[in-house]
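Structure first, then comments.
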Amino acid sequence: MSDNFLERELNRYKENLQILLANEGRFVLIKGDENFEYFDTYDDALKAGYEKYGINPFLVHKISRVESIVNFTRSLRIPSCQV
Numbered sequence: 006m007s008d009n010f011l012e013r014e015l016n017r018y019k020e021n022l023q024i025l026l027a028n029e030g031r032f033v034l035i036k037g038d039e040n041f042e043y044f045d046t047y048d049d050a051l052k053a054g055y056e057k058y059g060i061n062p063f064l065v066h067k068i069s070r071v072e073s074i075v076n077f078t079r080s081l082r083i084p085s086c087q088v
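Quick note on the working numbering: the sequence shown kicks off at 6 and runs consecutively.
In structure tokens form, the structure reads like this:
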């Protein structure tokens with residue numbers, strides 16, 4: 006298993022970029038080998054991802070010819086086990 010848990014999704018994005026560019030400027034939701042889903046906003050794509058996959062990993066990516074590097078992380082507030 007890869008250390009990068011979104012490697013499969015990122016590879017699918019790169020491999021299918023020419024097809025995805027038909028929706029340039031929109032956001033794509035990618036999970037494993039499932040069909041791509043397209044959204045007009047990041048928030049809509051993220052909401053759909055959480056509704057469909059819960060806290061399991063999925064990728065939301067803006068479709069663009071030029072890759073812009075933006076990192077997002079979520080902070081899960083999980084109670085500490087320490088006493």
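In this text, a Cβ means the ideal position worked out from N, Cα and C, and glycines have one as well.
By the neighbour-count definition (other C-beta atoms within 10 Å, threshold 16), Arg17 is a buried residue. Per the Cβ contact rule, the segment 51-65 is not in contact with the segment 21-31 (fewer than 3 Cβ pairs under 8 Å). Counting other Cβ atoms within 10 Å of its Cβ, Phe10 stays below 16 and is therefore classed as exposed. Residue range Leu64 to Lys67 is occupied by the beta strand (DSSP E) that includes Lys67. Between Phe44 and Leu64, the alpha-carbon positions lie close to 13 Å from each other.
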